[in-house]
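In the UniProt record's numbering, the protein residues as written are 1 to 327. The beta-carbon is built from N, C-alpha and C at its ideal position, and this holds for glycine as well. Below is one structure, written out as structure tokens; comments come after it.
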């Protein structure tokens, strides 16, 4: 899949993440920030980057335009501008947990920006840039479940992404809290949301900013968050792109480009205080209200025929091999 939406183009983002009022100011800031790193980039006509296509706000295929949009796509455009001298010297390829590493290994991709959490184990196989985004693991439940904190999940089943770091991190937090969790692994985020609505799992866990894209009036995001997750740009071990990309990410942090892009997509760091404040206000953004507030549809189980609709905005990217979910 090629062709990413331009930073100034139309964007379909999460309800909680739309920040159209600031788009013009952000665009102006970015226009002055693009400074190609001449002489630092490897040869090649385009920068080939893998992104997710089912993660609203990060990498999401707009069903109206077919373009892949989000923070990570815009960061990729910035990298192309700085390394190639042209933001359009970019090829975006949809990836999942299975393909992103293999496509780096076989040379199909130069880099991946795919909510790829930096871990010591992964650094043995790939080079990572410094983090361009830091998140925390969160937990989404149905309001009608009455679950309000981690202890309420004792003995329950949590849906997680296949091969993600979530299972180990949340399992460790549960053990520390003296409770037991069961886990069910799924290939894509939309599948986990469908399983939650259908009652096959009791909770949906992944990074909090990703969960916001699958939230609706029937769900509740637990205020407590776990285990910081740092996202980095991954490249093949020893790649000629590794240092130029890391240098570019560092420059984007210093000149304010990263901050502007995060604000554009509503992805300023989501903290525990943010979640609590939004939920205490009864908002449907970060927290979607109190779980005890089961008015209307919130207290009604979705019919089986409606399960596909429950997958949220990420459903558009659920089909095909490139719709993988794991971080």
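What residues are listed by DSSP as bridge partners for residue i?
i	result
residue 191	Partner(s): none; residue 191 has no beta bridge.
residue 128	234
residue 219	142
residue 205	139
residue 196	Note: residue 196 sits in no beta bridge, so no partner.
residue 186	161
residue 91	48
residue 254	None, per the DSSP bridge assignment.
residue 54	60
residue 111	49
residue 117	231
Under 8 Å Cβ to Cβ from residue i, same chain only, skipping five residues before and after it: list those, please.
i	result
residue 347	Residue 347 is absent from the structure shown; the chain starts at 1 and stops at 327.
residue 179	150, 151, 153, 154, 155
residue 95	50, 51, 52, 103, 109, 112, 114, 322, 324
residue 238	127
Report the three-state DSSP secondary structure of residue i (helix, strand or coil).
i	result
residue 155	coil
residue 228	strand
residue 262	helix
residue 133	strand
residue 123	helix
residue 46	coil
residue 168	helix
residue 148	coil
residue 99	helix
residue 249	helix
residue 181	coil
residue 214	helix
residue 104	helix
residue 336	The question about residue 336 has no answer here: the residues shown for the chain are numbered 1 through 327.
residue 242	helix
Check whether chain C comes within 9 Å of residue i, counting only Cβ atoms and requiring the distance to be less than that.
i	result
residue 151	Of the protein chains in the structure, only one exists, and it is not chain C.
Within the same chain, show all residues whose beta-carbon is closer than 7 Å to that of residue i, passing over the 5 residues directly before and after it, in chain order.
i	result
residue 89	45, 46, 47, 80
residue 169	137, 226, 227
residue 209	57, 135, 267, 270
residue 131	118, 230, 231, 232
residue 252	78, 258
residue 241	42, 110, 111, 235
residue 59	51, 52, 53, 68, 70, 72, 73, 114
Sorted by chain position, which residues of the same chain lie with C-beta nearer than 6 Å to residue i's C-beta, five sequence neighbours on each side aside?
i	result
residue 128	118, 232, 234
residue 140	204, 211, 219, 221
residue 229	117, 135, 207
residue 106	none
residue 174	181
residue 341	As displayed, the chain neither begins before 1 nor continues past 327, which places residue 341 out of reach and without an answer.
residue 216	none
residue 165	117
residue 167	160, 183
Indicate, with yes or no, if the ligand HEM has a heavy atom lying under 8 Å from the CB of residue i.
i	result
residue 257	Among the ligands in the structure shown, none appear at all, so the ligand HEM cannot be discussed.
### Task
Taking 8 Å as the threshold, find out whether the region 250-265 comes into contact with the region 148-162 through three or more Cβ pairs.
As far as the Cβ criterion goes, the region 250-265 does not touch the region 148-162, which means the pair count is below three.
### Message
So, does the region 242-256 touch the region 134-148, judging by three or more C-beta pairs under 8 Å?
### Response
The region 242-256 makes no contact with the region 134-148, as fewer than three CB pairs between them are under 8 Å.
### Task
Check whether the region 105-120 touches the region 228-241, taking contact to mean three or more Cβ pairs, one atom from each stretch, closer than 8 Å.
Result yes; three or more Cβ-Cβ pairs closer than 8 Å.
### Task
Inspect the CB distances between the region 60-72 and the region 96-106 and report whether three or more fall short of 8 Å.
Output reads no: the region 96-106 does not touch the region 60-72.
### Message
Can you confirm whether the region 190-202 touches the region 141-152 when touching is taken to mean that 3 or more C-beta pairs between the two stretches lie within less than 8 Å?
### Response
Output reads yes: the region 190-202 touches the region 141-152.
### Task
Identify every run of the alpha helix (DSSP H) within the region 59-88, keeping only runs that are complete inside it and at least 4 residues long; order them along the chain.
Fully enclosed alpha helix (DSSP H) runs of 4 or longer: 71-84.
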